[in-house]
Structure formats: C-alpha cells, structure tokens
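Residue numbers (UniProt numbering), protein chains in the order written: chain A, 1 to 240; chain B, 1 to 240.
Quick reminder that beta carbons are idealized off the backbone N, C-alpha and C, glycines included.
Number of protein chains: 2
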Amino acid sequence: MTDTLQRKPVSQVANSDCFTEESLSKLKEIMYEMRAEAGNHLFWEGDAADKLYFLKRGQVKITKASDEGKSFILYVYNTGDLFGQVDPFQNSVHSFNAEVTENSIIGVIQQKDLEVLLWQHGDLAVEFMKWMGLMHRMTQTKFRDLMMFGKPGALCSTLIRLCNTYGKNHGSEIVITKKLTNSELADMIGATRESVNRMLGDLKRANIIAMENNYIVVKDLPYLRDICQCENCPVDMCRI
Amino acid sequence: MTDTLQRKPVSQVANSDCFTEESLSKLKEIMYEMRAEAGNHLFWEGDAADKLYFLKRGQVKITKASDEGKSFILYVYNTGDLFGQVDPFQNSVHSFNAEVTENSIIGVIQQKDLEVLLWQHGDLAVEFMKWMGLMHRMTQTKFRDLMMFGKPGALCSTLIRLCNTYGKNHGSEIVITKKLTNSELADMIGATRESVNRMLGDLKRANIIAMENNYIVVKDLPYLRDICQCENCPVDMCRI
DNA sequence: TTTGTGATGTGATTTTCATCACACTTCCTT
DNA sequence: AAGGAAGTGTGATGAAAATCACATCACAAA
Chain A
1 MTDTLQRKPV SQVANSDCFT EESLSKLKEI MYEMRAEAGN HLFWEGDAAD KLYFLKRGQV
61 KITKASDEGK SFILYVYNTG DLFGQVDPFQ NSVHSFNAEV TENSIIGVIQ QKDLEVLLWQ
121 HGDLAVEFMK WMGLMHRMTQ TKFRDLMMFG KPGALCSTLI RLCNTYGKNH GSEIVITKKL
181 TNSELADMIG ATRESVNRML GDLKRANIIA MENNYIVVKD LPYLRDICQC ENCPVDMCRI
Chain B
1 MTDTLQRKPV SQVANSDCFT EESLSKLKEI MYEMRAEAGN HLFWEGDAAD KLYFLKRGQV
61 KITKASDEGK SFILYVYNTG DLFGQVDPFQ NSVHSFNAEV TENSIIGVIQ QKDLEVLLWQ
121 HGDLAVEFMK WMGLMHRMTQ TKFRDLMMFG KPGALCSTLI RLCNTYGKNH GSEIVITKKL
181 TNSELADMIG ATRESVNRML GDLKRANIIA MENNYIVVKD LPYLRDICQC ENCPVDMCRI
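Here you go:
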C-alpha cells in the first residue's frame, strides 16, 4: 500500500529482472562483450539499428538533439538494464543517440542471433515479449506525465521516477543516490535549466525536497505524486 | 526519395502489415469476435490488461483524461490495426482508456492464448517482437515530436502523421481523408482548441494547407516537415 | 594561491500558450 | 422553418515558461 514498502532495494532494480535466470543466461551466451568509455557513443542517430545492448556495468543515456542545439534525454540506463531497437525494417536506423556517461561494460546482442534464440525457445520469446511491453508502457506513462501536467508535473514525475530508480529510504525520506545537475533534469523534462532551478527552489522552500551534500532528498513523496496525478504504477514501470 | 512515392495507398496501411498471411491467420484462429458501438469503451484505466485487440473494422482511440477534465489522445487505431498491452505483471491494469469512435468489429486475443501461440511458433514470435518494436518506436518518435518543437511543431508532426495514415495524393497535394475537429487535433497534441484554430489559420494563410469540403489538404509537405525537423522515418512508423 | 570552469541562483523581459468571452456558421432535428 | 447543438474564428487578457544577463559558488588544475 505505501510507496516505501513497494520500493525494492536500489541494487536490485534493473529492467532485465523481467527474465528468469535461465533466459538471461541464454541471452548472455549470444552476447559479445565490449567496453565503452564515458563520453563515447554507442550509436548515433542514423546508425544501423540491429543490436541489443545489455549494460553489465555503467550508464548509457538515450538522447535526441534538436537543430537549435537543445538536447532531450529520453532514457537513462544503468547496470543490469537491457535496451536497443528491434523493428521490422531491413535497413532500420536509430532515431536517437546512445551516449555512454560512465565507463561501461556492455554485452552486445545481434538481432539475427536474438531471432534464432527466440525462434528456438518459446519461454524466452514470451518473456521477451513481456519485457518489450513493459518498456513500451514505461515510455507511454512518461509521455503522459511530461505532456499533461505542465513543467512542474513533469519535474515531480521525474523525481518520483528517480526515487524508484536510485532511491534509498532513510526513515520516511528517500535519498536519490545519483548526482544530477539542473541541466540534466531540464533535458529530461524538456525545460530550461533556469526553470528547473526555480521549481526546485520552490520545492525546497515548501519542504518537499532538500539537498544533502548535493543529493536530492525527497521528504514529501505524496506531494510530488499529487502534482503529477501519479497512480502508483509498478515501480518496475515507473522509471527514468 | 520523395515523400509522395514513399506513401502507400491508404487502404493498405495498417500496423498488422508487420505479419505474414500465415502468422495473421494463426492469430485470427485464437481470436473471438465482438462488436462494439461508437461511444462505448473497450476498456477503462484500471481494467485488467490481459488482451490484445485486432480491429477488423472501425476505429478506436486510446486516451487519457486528467483530473481537470482535459483529454489526451495517445493513438487512433483503424481497420487492420492490432493493439493492446502485454506486460510481465500478473495483475496488470490499463493506464489508458480505449474509446470506440466508430461502430467496430474487433477480434479479441487473450494474453494466455497468445503466449501459447508464441511459444509454439518461433516465426510468429519473431514477427510479433518486431511489431512490438515498431509500435514502441512510433510512440518514441511521437513523444519527441510533441516535446521538442513547441505546439506548432507538434501540430505539423501530427498533420504529417495524418497524411501517412489517411492521406490520398491528388497531384502534389495530399488530402487527409478523415474529418477532424479542431478539438480532436488539440487533444492529440496537448493544446487547446483555440491554439489549434489559430495555428491552422496561420498555415492556411501561408498556403501550406487548405480546406476542401472540411477535409484538410496539405499543399506544402516540406514546410511541415521543416517545422518539426522530420527525418523521413518509414511511413509505417510515422503514424497517428 | 590564483585561475578557470562548470554549476547554481535570481531578476528583468519576452514569448508562447491557455483562458475567457462572444460572434458566427453549419448542420441536424422535430 | 425554427431551434438547438456542435464547431469555427477571433480579440483581450493572463499565466507559464523561455530567454537574457549577471552574480555567485564550488572545486579542480596550474
């Protein structure tokens, strides 16, 4: 019932949790490992989209840049997350950029290999379908949150998602164990740094959040949930 | 190369085109048919999400209502489209409403039956995965278009998507063969009716679009594409 | 210690968009 | 033919958010 009980320890949360041990190890068998340094790009818009990526360790952001130089952060993936495009086009290309933001170890899966595996293993195919469905719903609910409740709603939704992804409970407070700049938050919600700064200031003054050595601490989650009409989706879905 | 060559005849475009004849008929075998009248709802937010729907004939809108009574139209599905939620939760519920907007004939697929089918038929599983990937990308690109380019960009993107979904070429012009009210367009882009009305007025005055007995006619597609930094995605992806 | 760099905080101003109010049109219906 | 409902068009006004312009702060590197 309460939000705090629902939250898993932060170390466990990853979207590859959708898979059983066996399925995950089948996937791991067809991966080849690569390392990528912070600052590099895994792929750019327009690159061929024929691979999946399993983030064994590190962080990758999926972004989109506009002509005017603005950047929009669509997803932030962390250790244990699986991501990438699968679609029915022969010469499919990426619509987004994948920016490596921490030194990472990545398992790469070729779409062709994945297809063979799914073709062979019905149980994996079913799990895979559910994983895809979950990722799609995550996108849809984020879309809704960022479109429907103004910039304050978008920010509150994002803070909640950050709690679900990086949150550690300290009594009734939740520490977002990940340093974030105002600019990063702005790019996640399609706002400016200045707007985010002012909104965070408002939330601090109203004692909804606080800063503890540069980490955001959420003191009043129900308030955040109220602003973006949060419906208490499963935490695995309500993520960054 | 040109946009007009890329567009298929409107009668052919449906997201179930992802499937081969055989796969589609396998899916059809596990459907049961139902009829739904315009104005009814296929499902509401909070209803159990354990079915897929194949729209044999008619139209269904996926919407979200805010507390203040505003409505946001996430998708509009038409004859030949397949839709619904698949996810890994045991008691999964819908986050959106499905509103039947034309009298429809719908094939309903139980998730359990689908799972068995995917488990048995590897080729179907692979096609299904690609269909899911396509739908997800459609959501992502729409998300980007509605977030990054202001309300005019959102409108232009939506007009392009409407061309790809309902467009008929008349020489260099494209007739959107579907009547749309300003309010509907507003709900598709998260704007007000008045804003849409003014923006459409601007586009008419600039000779970008025109009205022909209440249908929108696009006279200058490149202009629309420029406003929302359109990248000429596959038409199957760039839809409403 | 100084200097440079990236980040934060904040006022003033402008732009974008929503809201409110109302006239007008179209078309359906009884 | 009259009335009503739904839709369109448009001005005036206000609120939300972006933009611009600096001041300040934190911290790492020289």
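Tell me, which residues are paired with residue i by DSSP?
i        : result
B/Ile176 : B/Gly167
B/Thr63  : B/Ile73 and B/Asn97
B/Glu33  : B/Gly107
B/Tyr223 : Answer by DSSP bridge pairing: none, since B/Tyr223 is not bridged.
B/Phe43  : B/Ala98
A/Val217 : A/Val175 and A/Ala210
Which of the three DSSP states, helix, strand or coil, is assigned to residue i?
i        : result
A/Leu5   : Here A/Leu5 scores only 43 on pLDDT, less than 50, and its place in the model should not be relied on; the value that follows carries that caveat. Three-state result, A/Leu5: helix.
A/Ile73  : strand
A/Gln85  : coil
B/Asp113 : helix
A/Asn78  : strand
B/Asp236 : coil
B/Gly58  : strand
A/Ala48  : strand
A/Ala206 : coil
A/Val13  : coil
B/Glu231 : coil
A/Arg212 : Reading off the sequence, residue 212 of chain A comes out as Glu, not Arg. It is a strand residue.
A/Phe19  : coil
Residues of chain A with CB under 7 angstroms from residue i, in chain order?
i                      : result
residue 278 of chain B : In the structure as shown, chain B begins at 1 and stops at 240. Residue 278 of chain B is therefore absent and cannot be evaluated.
B/Leu27                : Within chain A, no residue comes near B/Leu27; the closest Cβ sits about 13 angstroms away, beyond 7 angstroms.
residue 241 of chain B : Missing from the structure shown is residue 241 of chain B; chain B here goes from 1 to 240 and no further.
B/Thr165               : Within 7 angstroms Cβ-Cβ: nothing; B/Thr165 doesn't reach chain A, min ~18 angstroms.
B/Met129               : Val86, Leu118, Phe128, Met129 and Met132
B/Phe143               : Thr139 and Phe143
List the residues of chain A that residue i touches, going by C-beta distances under 9 angstroms, in chain order.
i        : result
B/Thr177 : Within 9 angstroms Cβ-Cβ: nothing; B/Thr177 doesn't reach chain A, min ~26 angstroms.
B/Thr158 : Near B/Thr158 there are no residues of chain A at all, since even the closest Cβ is about 13 angstroms away, more than 9 angstroms.
So residue i contacts chain B; which residues on that side make the cut at Cβ distance below 7 angstroms?
i        : result
A/Phe54  : Per Cβ cutoff of 7 angstroms: no residues; A/Phe54 is ~16 angstroms from chain B at best.
A/Cys18  : Pro88
A/Gln120 : Gly122
Which whole-angstrom value describes the C-beta separation of residue i and residue j, a residue pair presumed to lie in contact below a C-beta threshold of 8 angstroms?
i        : j        : result
B/Ala38  : B/Asn103 : 5 angstroms
A/Met237 : A/Thr141 : 7 angstroms
A/Arg109 : A/Arg57  : It is Ile, not Arg, that sits at residue 109 of chain A in the sequence shown. Contact doesn't hold; Cβ gap of about 16 angstroms is too wide.
B/Val60  : B/Leu42  : 6 angstroms
A/Met132 : B/Gly133 : 7 angstroms
B/Val76  : B/Ile240 : 5 angstroms
A/Leu146 : B/Met148 : So it is not a contact: roughly 11 angstroms between Cβ atoms.
A/Thr139 : B/Phe143 : 7 angstroms
A/Gly190 : A/Phe72  : 6 angstroms
A/His94  : A/Gly46  : 7 angstroms
A/His136 : B/Met135 : 7 angstroms
At 8 angstroms on the CB atoms, spell out the chain A contacts of residue i, in chain order.
i        : result
B/Met135 : His136
B/Val60  : Correct list: empty, because the minimum Cβ distance to chain A is about 16 angstroms.
B/Asp67  : Gln229
Which residues in chain B sit within 8 angstroms of residue i, going by Cβ to Cβ distance?
i        : result
A/Cys233 : Ser95
A/Lys64  : Arg144 and Met148
Could you say if the region 27 to 34 of chain A and the region 93 to 102 of chain A meet the contact criterion of at least three C-beta pairs nearer than 8 angstroms? no
If we count Cβ pairs, one from each stretch, closer than 8 angstroms, do we get three or more for the region 55 to 68 of chain A versus the region 99 to 115 of chain B? no
Tell me whether the region 215 to 225 of chain A and the region 185 to 197 of chain B touch, counting them as touching only if at least three CB pairs, one residue from each stretch, are closer than 8 angstroms. By the Cβ rule, the region 215 to 225 of chain A does not count as touching the region 185 to 197 of chain B, because fewer than three pairs are nearer than 8 angstroms.
At least three beta-carbon pairs within less than 8 angstroms, the region 218 to 238 of chain B to the region 179 to 192 of chain B: no
Does the structure place the region 78 to 91 of chain A close enough to the region 156 to 164 of chain B that three or more beta carbon pairs sit under 8 angstroms? no
Between the region 147 to 158 of chain B and the region 223 to 239 of chain B, can you find at least three pairs of beta-carbon atoms closer than 8 angstroms? yes
Are at least three pairs of beta-carbons, each pair with one atom in the region 125 to 136 of chain A and one in the region 46 to 62 of chain A, less than 8 angstroms apart? Flag = no, the region 125 to 136 of chain A and the region 46 to 62 of chain A do not touch.
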